[in-house]
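As structure tokens, the structure follows; a few thoughts come after it.
Protein chains: 2
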Amino acid sequence: MARINDNFLKLKAGYLFPEIGRRVAAYTEANPDAALIRCGIGDVTEALPKAVQDAMHKAVDELGDRDTFRGYGPEQGYAFLREAVAENAFADLGISADDIFVSDGSKCDTGNILDIFGPGNTIAITDPVYPVYVDTNVMIGNTGEADEAGRYEGLVYLPCTAENDFVPAIPEEKVDIVYLCYPNNPTGASATREQLQAWVDYALKNDAIILYDAAYEAFIQDADVPRSIYEIEGAKECALEFRSFSKNGGFTGVRCGYIVIPDSVFGTTESGEKISIKQLWSRRTSTKFNGASYPVQRGAEAIFSPEGKAEVAALVEHYMANAKLLRDACTELGLEVFGGENAPYVWVACPEGLTSWDMFDKMLQEANVVITPGSGFGAAGEGYFRISAFNSRANVEEVCKRLKALL
Amino acid sequence: MARINDNFLKLKAGYLFPEIGRRVAAYTEANPDAALIRCGIGDVTEALPKAVQDAMHKAVDELGDRDTFRGYGPEQGYAFLREAVAENAFADLGISADDIFVSDGSKCDTGNILDIFGPGNTIAITDPVYPVYVDTNVMIGNTGEADEAGRYEGLVYLPCTAENDFVPAIPEEKVDIVYLCYPNNPTGASATREQLQAWVDYALKNDAIILYDAAYEAFIQDADVPRSIYEIEGAKECALEFRSFSKNGGFTGVRCGYIVIPDSVFGTTESGEKISIKQLWSRRTSTKFNGASYPVQRGAEAIFSPEGKAEVAALVEHYMANAKLLRDACTELGLEVFGGENAPYVWVACPEGLTSWDMFDKMLQEANVVITPGSGFGAAGEGYFRISAFNSRANVEEVCKRLKALL
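Protein chains in written order, with numbering that gives the first Met the number 0: chain A, 0 to 406; chain B, 0 to 406.
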């Protein structure tokens, strides 16, 4: 009899965004005329940059001619994209094209990376957190059961609160793997150089590995905020970095991301032998992946062209101006507001007496605005909600108006 | 200290195709003027169908206009594609759109599917076999170490030989999960209705699950050969089917495939509770995947348009005529030849005294033709080599000429 992976049964009812989708679908079915504005899932809304479109069109045409046709590409990504990434996103940081592993997106990468790690690791995650980090650890058996607050036995939770500016304190205990995401989803916080240096120092001291998710790097406005973990001394010996074209290039439907793995990051076998993480990931990639779509990789390459860079800058400016409007509206209402300055998310304390899901339902039903309940990101997210700045200007202005009418 | 997944160390030196790549690269570096013809990796060579190109162009244009822009799609695939698949590929077989899970390709799917199965399963694979089935089981810890012939402890190997027409006999022992691939990679064999019925009956009797890889379905010429496992009575209670657009639509670089999972396939928990495989896979997909690229899914949909179908038929005809030329050439040379009648692979016994890798090196160095050594697909593949029919007509004719000059 085929045995299933019992760890799946430990998962809470639903992955956050499908659950939001279900509630929204039920509401819109009952209220078909409601003019819903979606600021829930962090999904871009503006058109794909022209430079990307042009590159994708050209790539499709190449595939349409047998003389320029390409079949299977390198599993780790085409050299043209790996080189463009290394030169543009990591100039002067000592990262080479060979360190870049191209994928169909960071969600896949942050889940799949666990394939190369063994059991027996102590894993730390921030709370609140992007649910994928937690759920993929549950699925692979790195946790016990969840308690009533949704905290899984065996994970080390690092509370991110207003008191610590949503950057977790260095834990007293020893952990082996830690997920950090800055600029942060969901809180919109950014981490300073000193805060990241403390984490790198901790990792080096404890032979831990930092899984650094920098999917929102493009939204950093403050020149002092590090854009990559590799700006921090020692990070090339202990950190992987996840990057995505989803939010800067509008690739949420196009699908492309990458992991950076320097040669100098190692894990150990049960018997204590040091093994290169890059070598393991490369093998995993050769066996379980067949490369990202060729036209998609050409589109991603175009992000780094002069035209692409200008268009991305305009998109970032658009979304960050939205974030400012949302911040200002919530501040005016007397709400406690975080984030939105170096990230496209505004993180807001719920009005007194409302839980996160109360606020979600209230916003959905009374203002016809979809937000994300903070508790969906973890127990420490209770009492907050996230507003995404990914929207048209008109919609954001309307959301601000509805917020003011509601509260 | 971060612990790696020690199972990776059990893997043999390299995944087959990268190893071939390394030998070919070394040869071409030493012999830069060699006019190499590649019949190794089963990679298509002809242009992407016009219907697919047009659909992809249109989809890119849609993303270029904010009014028709789409961001994150449904993780399980867009309804337009799931419906097109159900209606066209599984008409009258009782498969609904809801049973179709769209992905970025079958290589990923056949590896990732193991996420939802637990430890403790007895897993059977044919020998020779597509290496991904084996290596992904090794990586996830379903095997012990490999012996000298490359057979991993704990797997049940089902020899496929000329004696059983490369369709394995039903095992005497009880297995929980069995991989079957027909038309077969690498042997080019197809399975009859009776042979598949025997496997389905076995699976039903033993509560086993069949992972049926039908990536080469489009190449079936014989009307009596089943194109889907769901043509077999009882299969909807015990089988998943993997399909790909790589070989019919020329999508090896575009990336799209899907898994079919009927509602009526179940596995069990440790305590014996029955759990829907579809429900598990859907959850896995929501958490660890973000949908296939939108323009790619539109391209795949176009495969089922009248124009797309006509173009795919022409591609299949082209490659199968190549296969006939290769079969005939090898037969004339007195070699023992299999496959190539309902599959784009010709499976040939090596001339006496030559191992598979001997033959690979001889063909590479003396004929400048890249083939695949049979032993790369498993111990029972020793003494055979595979020639891929994916090529231009001119190249295939030249390969036939070189074969005749060589042997």
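Ideal Cβ placement from N, Cα and C applies to all residues, glycine included.
So what's residue i in DSSP terms, helix, strand or just coil?
i	result
D208(A)	Note that residue 208(A) is Ile in the sequence shown here, rather than Asp. I208(A) falls in the strand class under three-state DSSP.
A299(B)	helix
C107(B)	helix
F7(A)	helix
D200(A)	helix
L15(B)	helix
I115(B)	helix
A50(A)	helix
A404(B)	helix
T125(B)	strand
L92(A)	coil
F100(A)	strand
C180(B)	strand
P158(B)	strand
Y151(B)	strand
Y26(A)	helix
Y218(B)	Before going further, note that residue 218(B) is Phe rather than Tyr in the sequence given. Three-state result, F218(B): helix.
Y383(B)	strand
A58(B)	helix
A213(B)	coil
R81(B)	helix
A33(B)	coil
R21(B)	helix
R69(A)	coil
A393(A)	helix
V145(A)	It is worth fixing the name first, because residue 145(A) is Ala in this sequence and not Val. Of the three classes helix, strand and coil, the one that applies to A145(A) here is strand, per DSSP.
Just mark residue i as buried or exposed, buried being the case when its beta carbon has 16 or more other beta carbons within 10 Å.
i	result
E152(B)	exposed
G271(B)	exposed
F250(A)	buried
F79(A)	exposed
D42(A)	buried
N321(B)	buried
E171(B)	exposed
Q364(A)	exposed
T284(B)	buried
K273(A)	exposed
P167(A)	buried
R65(A)	exposed
D175(A)	buried
T67(B)	exposed
D221(B)	exposed
R392(A)	exposed
L15(A)	buried
Starting from the beta carbon of residue i, find every residue of chain E whose beta carbon is closer than 9 Å, and list them in chain order.
i	result
Y293(B)	No chain E appears in this structure, whose protein chains are A and B.
At which residue ranges does the stretch 319-378 of chain A contain complete beta strand (DSSP E) runs of 3 or more residues, listed in the order of the chain?
-> 336-338, 344-348
Give the residues from the stretch 69-81 of chain B that approach chain A closer than 7 Å (Cβ to any Cβ), ordered along the chain.
-> Legend: CB atoms of the stretch 69-81 of chain B lying less than 7 Å from CB atoms of chain A belong to residues R69, G70, Y71, G72.
Could you tell me whether the stretch 41-55 of chain B touches the stretch 293-313 of chain B, where touching means 3 or more Cβ pairs closer than 8 Å?
-> yes
If you measure beta-carbon to beta-carbon, which residues of the stretch 278-289 of chain B are closer than 8 Å to chain A?
-> L279, R282, R283, S285, T286, K287, F288, N289
Just by C-beta distance, which residues in the stretch 355-389 of chain A are closer than 9 Å to chain B?
-> Look at the stretch 355-389 of chain A: the residues with a C-beta under 9 Å from a C-beta of chain B are F389.
Which runs of the beta strand (DSSP E) spanning at least 3 residues fall entirely within the stretch 222-309 of chain B, listed in chain order?
-> For the stretch 222-309 of chain B, whole beta strand (DSSP E) runs of length 3 or above, ordered along the chain, are 238-243, 256-259, 265-267, 273-275.
If contact means a Cβ-Cβ distance below 8 Å, which residues of the stretch 95-124 of chain B contact chain A?
-> Per Cβ criterion, the list reads D103, G104, K106, C107, G110, N111, D114, I115, F116, G117, P118, G119, N120.
Is the stretch 145-164 of chain A in contact with the stretch 97-111 of chain A, if contact means three or more CB pairs nearer than 8 Å?
-> no
Residues from the stretch 261-275 of chain B in contact with chain A, defined by Cβ distance under 7 Å = G266, T267, T268, E269, I274
The stretch 8-23 of chain A in contact with the stretch 325-340 of chain A per 3-pair CB rule at 8 Å = no
Against chain A: residues of the stretch 128-139 of chain B by CB proximity under 7 Å | V131, D134, T135, M138
Are the stretch 122-141 of chain B and the stretch 232-239 of chain B touching by the rule of at least three beta carbon pairs closer than 8 Å?
-> no
Determine, using beta-carbon pairs with one atom in the stretch 345-353 of chain B and one in the stretch 379-386 of chain B, whether at least three such pairs fall under 8 Å.
-> Pairwise C-beta distances place the stretch 345-353 of chain B in contact with the stretch 379-386 of chain B, as three or more of them are shorter than 8 Å.
Do the stretch 141-149 of chain B and the stretch 185-203 of chain B make contact, defined as three or more Cβ pairs closer than 8 Å?
-> no
Please name the residues in the stretch 47-64 of chain A whose beta-carbon is closer than 8 Å to at least one beta-carbon of chain B, in chain order.
-> L47, K49, Q52, M55, H56, V59, D60, L62, G63, D64
Hey, is the stretch 14-32 of chain A in contact with the stretch 290-298 of chain B, meaning 3+ C-beta pairs nearer than 8 Å?
-> no
Give, in chain order, every residue of the stretch 337-352 of chain A whose Cβ lies closer than 9 Å to some Cβ of chain B.
-> none
What are the residues of the stretch 162-178 of chain A that lie near chain B, defined by any Cβ-Cβ distance shorter than 8 Å?
-> D175, I176
Anything in the stretch 212-234 of chain B with a Cβ closer than 9 Å to a Cβ of chain A? List those residues in chain order, please.
-> none
Should the stretch 115-129 of chain B be called in touch with the stretch 85-95 of chain B, which here means at least 3 C-beta pairs below 8 Å?
-> no
Which residues, taken in chain order from the stretch 314-339 of chain A, show a beta carbon closer than 8 Å to some beta carbon of chain B?
-> none
Cβ-based contacts, 7 Å cut-off: residues of the stretch 142-161 of chain A near chain B | none
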